[in-house]
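Trainee: Here's a structure for you.
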Amino acid sequence: MHDTASLPSSSLPAPLYTQIKEALRARILDGSYALFDRMPSESELMKRFSVSRVTARQAVSQLCQEGLVFKVQGKGSYVSRPQVSQSLTVLQGLGEAMQESGHITSSRLLGSRFFAPDDTLRARLQIAPPGRVGEIRRVRYVNGAPVSLDVSYFREATAQALLAHDLETRDIFAILESDLQCPLGHAELDIGAAAADVDAAHALEIPPGSPILRMDRLTFARDGRPLDYEHLYCRGDQWRYRLRIERTGTHGRGAS
211 MHDTASLPSS SLPAPLYTQI KEALRARILD GSYALFDRMP SESELMKRFS
261 VSRVTARQAV SQLCQEGLVF KVQGKGSYVS RPQVSQSLTV LQGLGEAMQE
311 SGHITSSRLL GSRFFAPDDT LRARLQIAPP GRVGEIRRVR YVNGAPVSLD
361 VSYFREATAQ ALLAHDLETR DIFAILESDL QCPLGHAELD IGAAAADVDA
411 AHALEIPPGS PILRMDRLTF ARDGRPLDYE HLYCRGDQWR YRLRIERTGT
461 HGRGAS
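Numbering (my numbering), first residue to last: 211 to 466.
Spelled out as structure tokens, the structure:
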């Protein structure tokens with residue numbers, strides 16, 4: 211039932227529009243409001259929560275800013291497919307990043323295999339012959355919707371250790387640091403546009419050829435050892451990266 215939303219209880223009261231936004235947000239994330247459902251109008255929110263129109267409008271505007279709701283002129287507000295927004299200035303797993311914004315993440319393990327790597331992969335992970343690598347393939351979900359296909363490569367021993375843990379509810383980064391005692395240091399990223407092949411399209415539930423983001427990421431331990439090389443195939447309609455960049459004092463002195 212859509213009319214059971216109530217204001218969240220808190221010892222530190224937030225502004226009314228924030229409380230209303232959080233109440234509606236919870237109903238969206240738990241599926242009470244499904245994708246493309248019409249949200250309560252401003253008048254309905256005013257009556258339900260005994261607030262002014264300005265307050266009701268602010269609550270809906272915040273949901274729009276978070277990508278949970280979109281507006282149709284003259285028709286109202288509707289539940290949208292939430293976009294995944296992740297900062298590129300911090301090395302985080304998907305679960306870590308989404309937890310900060312209250313989203314629910316999970317994974318589906320598609321499979322794993324062990325094989326002798328080619329020269330490129332061997333060099334990236336610094337594996338001497340005849341060492342093997344382990345490949346782990348997973349689909350990542352946010353709020354029940356598939357957002358990325360992750361194909362990750364590790365040294366054989368690391369992959370075997372990871373597969374002994376729950377890869378469907380936990381981030382690999384968290385397992386590496388907490389369980390395997392491998393503190394992470396930094397990562398090298400290469401991001402570009404791509405078209406989904408058959409495998410990626412099937413995993414992401416989109417038509418083949420759909421636009422996706424492809425990220426190649428090489429993650430290093432704090433001591434400089436390469437730990438993880440992966441290809442991340444992300445739905446173009448659900449993924450957004452944030453990056454803060456600064457202009458240095460040595461630029462911008464000429465003509466603009």
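The C-beta atom is built at its ideal place from N, Cα and C for all residues, glycine as well.
In three-state DSSP terms, what is residue 431?
Mentor: strand
Trainee: Just to confirm, are residue 425 and residue 442 a CB contact at a threshold of 7 Å?
Mentor: yes
Trainee: Any beta-carbon of chain C closer than 7 Å to the one on residue 431?
Mentor: In summary, chain C is missing from the structure at hand, where a single protein chain is found.
Trainee: Report the option in 336, 357, 247 and 429 whose CA atom is closest to the CA atom of residue 410.
Mentor: 357
Trainee: From 271, 242 and 244, pick the residue whose C-alpha is nearest to that of residue 252; which is it?
Mentor: 271
Trainee: Measure from the alpha carbon of residue 314 to the alpha carbon of each residue in 423, 350, 261 and 403, then state which is nearest.
Mentor: 350
Trainee: What three-state label does DSSP hand residue 383 in the structure shown?
Mentor: helix
Trainee: Does the pairing of the segment 328 to 335 with the segment 373 to 387 give three or more beta-carbon distances under 8 Å?
Mentor: Between the segment 328 to 335 and the segment 373 to 387 there are fewer than three C-beta pairs closer than 8 Å, too few to call the two in contact.
Trainee: Determine contact between the segment 227 to 236 and the segment 253 to 273, defined as no fewer than three beta-carbon pairs at a distance below 8 Å.
Mentor: yes
Trainee: DSSP on residue 245, reduced to helix/strand/coil?
Mentor: coil
Trainee: State yes or no: is the C-beta of residue 485 within less than 7 Å of the C-beta of residue 430?
Mentor: Residue 485 lies beyond the stretch modelled for the chain, which goes from 211 to 466, so this question has no answer here.
Trainee: Does the beta-carbon distance from residue 347 to residue 305 come in below 7 Å?
Mentor: Cβ distance not < 7 Å, so residue 347 and residue 305 don't count as in contact.
Trainee: Which class does residue 334 belong to by DSSP, given the choice of helix, strand or coil?
Mentor: helix
Trainee: Would you mind listing the alpha helix (DSSP H) stretches within the segment 278 to 360 that are 4+ residues and don't spill past its ends, in chain order?
Mentor: 304 to 310 and 329 to 335
Trainee: Does residue 333 pass the burial test, meaning 16 or more other C-beta atoms within 10 Å, or should it be called exposed?
Mentor: Residue 333 should be labelled exposed.
Trainee: Tell me whether residue 378 sits in a helix, a strand or coil according to DSSP, three-state version.
Mentor: coil
Trainee: Per the DSSP calculation, residue 394 is bridged to which residue(s)?
Mentor: In the DSSP assignment, residue 394 forms a beta bridge with 431.
Trainee: At the level of alpha carbons, what is the spacing between residue 255 and residue 227?
Mentor: Computed Cα separation, rounded: 10 Å.
Trainee: By the three-class DSSP mapping on this structure, what secondary structure does residue 445 have?
Mentor: strand
Trainee: Smallest Cα separation from residue 383: which of 400, 342, 244 and 300?
Mentor: 300
Trainee: Determine the direct distance from the alpha carbon of residue 422 to that of residue 389, and round the result to whole angstroms.
Mentor: 32 Å
Trainee: Under the assumption that residue 196 contacts residue 352 (Cβ atoms under 8 Å), give the Cβ distance between them as a whole number of angstroms.
Mentor: Any answer about residue 196 is impossible in this case: the structure gives the chain only from 211 up to 466.
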